[in-house]
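Let me begin by presenting the structure, written as structure tokens, before commenting on it.
2 protein chains.
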Amino acid sequence: MTPPPTPPAFRPLFAQIKELIVDRIRAGEWQPGEPLPSETEFAEFYQASQGTVRKAITEMADENLVVRFRGKGTFVASHTRERALSHFFKLFRDDGGKDLPSSRPFSCRRQKATRAMEERLGLERGAGVVVIERVRLLDERPLIFEIVVVPEALFPDVCASLQDSLPNEFYPYYETKYGVRVIRAIEQLRSVAADEREAEILEIAVGTPVLEIDRVAVTYDDKPVEWRRSRCNTRDHHYLSVLN
Amino acid sequence: MTPPPTPPAFRPLFAQIKELIVDRIRAGEWQPGEPLPSETEFAEFYQASQGTVRKAITEMADENLVVRFRGKGTFVASHTRERALSHFFKLFRDDGGKDLPSSRPFSCRRQKATRAMEERLGLERGAGVVVIERVRLLDERPLIFEIVVVPEALFPDVCASLQDSLPNEFYPYYETKYGVRVIRAIEQLRSVAADEREAEILEIAVGTPVLEIDRVAVTYDDKPVEWRRSRCNTRDHHYLSVLN
DNA sequence: GAGTGGTCTAGACCACTGT
DNA sequence: CAGTGGTCTAGACCACTCT
Chain G
1 MTPPPTPPAF RPLFAQIKEL IVDRIRAGEW QPGEPLPSET EFAEFYQASQ GTVRKAITEM
61 ADENLVVRFR GKGTFVASHT RERALSHFFK LFRDDGGKDL PSSRPFSCRR QKATRAMEER
121 LGLERGAGVV VIERVRLLDE RPLIFEIVVV PEALFPDVCA SLQDSLPNEF YPYYETKYGV
181 RVIRAIEQLR SVAADEREAE ILEIAVGTPV LEIDRVAVTY DDKPVEWRRS RCNTRDHHYL
241 SVLN
Chain A
1001 MTPPPTPPAF RPLFAQIKEL IVDRIRAGEW QPGEPLPSET EFAEFYQASQ GTVRKAITEM
1061 ADENLVVRFR GKGTFVASHT RERALSHFFK LFRDDGGKDL PSSRPFSCRR QKATRAMEER
1121 LGLERGAGVV VIERVRLLDE RPLIFEIVVV PEALFPDVCA SLQDSLPNEF YPYYETKYGV
1181 RVIRAIEQLR SVAADEREAE ILEIAVGTPV LEIDRVAVTY DDKPVEWRRS RCNTRDHHYL
1241 SVLN
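Sequence lines, in order, name chains G and A. Numbered per my numbering, the first sequence spans residues 1 to 244. Numbered per my numbering, the second sequence spans residues 1001 to 1244.
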């Protein structure tokens, strides 16, 4: 007759409402950029007070799932170029200057996932993936060499599509063309030596220290949707991280 | 008769109250670890509702300035070893294992600030600084070589004090011994080649790529209190960064 | 002017901590 | 038990946007 190990698990009403709304966003009830129902509408719908709904939506806004505009409404977050650059691009010039990145595609091919890819992307054995290589330039100089790996199941025919559009930022592209929404990314940083190929591409000497950024991008349920390994020349740039 | 460029600047009541309370914490009215007055006490004091005070304190908690415990009260945040490691130490083992860092002091000396130090620490020309060098070990192996620079004015006789205590984490030490509270740190990461000295200390070959972490730690008014340059061997470790 | 999010209030009840 | 923070409500007013 011992009490249950995990007590009845009281969940605040606002947390439940938040989960319900997030589920509906995930299900695609409102597309990125579209307005959500107003707080009062939600309040009536879920039979709660406006303040409770407000708290639910506030948490969603804190997690960048939605964006609020006073007088206008609340909108499903979208991967604009602005957001991609401010939230998901942490490389800055040492002198504080601002430069716009461009990108040069290298290759795009379909293959079977390696063990490492399966593990990082949470795929089953033998699943297909698409591997994209590209160079990102800042100020017309090659700065980053990237290998991007995505599950083929999520992004069918992405190679063919890339021929047409050649987007600079991938996440807005994933969103509009495939309905895949990246909401968070986990990065592991290391210092490694540039190999021959990277050296040539980045126009540096073989063995030059480069910053490796190993990123897994995930969507709503922390489900991985992209694995990306970047090698960055940090001679005149740095990666910015703020700790609280 | 044009309207003022910056409109009257309406500040919400909760923001004003927050600022007032933060000012009082900064002034030392309550020490780290000590309880603040309750929300209802603050509400009465500032002639506001409990909900408004609550919102002010919630923001302070979000910024890790205070810690709340249900049923107990709200306390000024303190640099426990836990917090130092979880919030200000981002290096982890690749295999996910956990290892406790220890540290070996190297040198501690007083000198005049270089131009770089003046700039990073916001010091006047010719100000005195204390430069501390140390090695941090994980699993008994040297992993990080650090140069720590602090203004002498803030930390008088720190070299002598360090002889006695030799703390592993500096921020709790700054807090208890000097009343200096680090609340945020800004880090710039680069990949560089280990020089002779670093190579010897870290037991690696000269020229091995190491991760440079260039950190400025600040206190309440974003005032710099420490500049730290770490060189990390990332052969079996990585720096973790989460993007939203 | 109607509708949106943002602030503020006053009061209620709950969960938890101390005594 | 009283006191704390945590949740929830109902209602008011403000700042802003759009029509």
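Idealized CB from N, CA, C, for every residue including glycine.
Check                                                                                                                                                                                                         : Outcome
Given a threshold of 16 other Cβ atoms within 10 Å of its Cβ, counted over all protein chains shown, does residue 1038 of chain A qualify as buried or as exposed?                                            : exposed
Taking 9 angstroms as the cut-off, decide whether the C-beta atoms of residue 101 of chain G and residue 65 of chain G are in contact.                                                                        : no
Following the continuous alpha helix (DSSP H) through residue 1043 of chain A, name the residue where it begins and the one where it ends.                                                                    : 1039 to 1046
Any beta-carbon of chain A closer than 9 angstroms to the one on residue 173 of chain G?                                                                                                                      : no
Give the DSSP bridge partners of residue 1074 of chain A, in chain order.                                                                                                                                     : A/1068
Check whether the Cβ atoms of residue 1018 of chain A and residue 1059 of chain A sit closer than 9 angstroms, and answer yes or no.                                                                          : yes
Counting C-beta neighbours from all protein chains within 10 Å, is the total for residue 206 of chain G 16 or more, i.e. buried, or is it exposed?                                                            : exposed
What does a CB cutoff of less than 8 angstroms around residue 1123 of chain A pick up in its chain, not counting 5 residues either side in sequence?                                                          : 1113, 1117, 1129, 1151
Is the CB of residue 50 of chain G under 9 angstroms away from at least one CB in chain A?                                                                                                                    : no
So the beta strand (DSSP E) residue 1051 of chain A belongs to, where does it begin and stop?                                                                                                                 : Element bounds for residue 1051 of chain A: not the beta strand (DSSP E) but the alpha helix (DSSP H), 1050 to 1062.
Between residue 1243 of chain A and residue 88 of chain G, how many whole angstroms is the CB-CB distance? I'm expecting something under 8 angstroms.                                                         : 6 angstroms
In this structure, what does DSSP give as the bridge partners for residue 1107 of chain A?                                                                                                                    : A/1133
Can you list the residues of chain G that residue 1079 of chain A reaches, using a CB-CB cut of under 9 angstroms?                                                                                            : Within chain G, no residue comes near residue 1079 of chain A; the closest Cβ sits about 13 angstroms away, beyond 9 angstroms.
Can you say whether residue 1020 of chain A is buried or exposed, counting buried as having 16 or more other CB atoms within 10 angstroms of its CB?                                                          : exposed
Could you give the first and the last residue of the continuous beta strand (DSSP E) run that contains residue 142 of chain G?                                                                                : 141 to 151
With contact counted as at least three CB pairs below 8 angstroms, one residue from each stretch, are the region 193 to 203 of chain G and the region 159 to 173 of chain G in contact?                       : no
In whole angstroms, what is the alpha-carbon distance linking residue 1040 of chain A and residue 1176 of chain A?                                                                                            : 30 angstroms
Just verifying my parser: in three-state terms, what is the DSSP assignment at residue 1181 of chain A?                                                                                                       : coil
List the whole-angstrom C-beta distance separating residue 1212 of chain A from residue 1189 of chain A, where the pair is believed to meet the contact cut-off of C-beta under 8 angstroms.                  : 7 angstroms
Name the chain G residues that come within less than 7 angstroms of residue 1244 of chain A, Cβ to Cβ?                                                                                                        : 63, 64, 87, 184
Might you give, ordered along the chain, the residues of its own chain that have their beta carbon closer than 7 angstroms to the beta carbon of residue 1232 of chain A, omitting 5 neighbours on each side? : 1091, 1143, 1144, 1210, 1211, 1213
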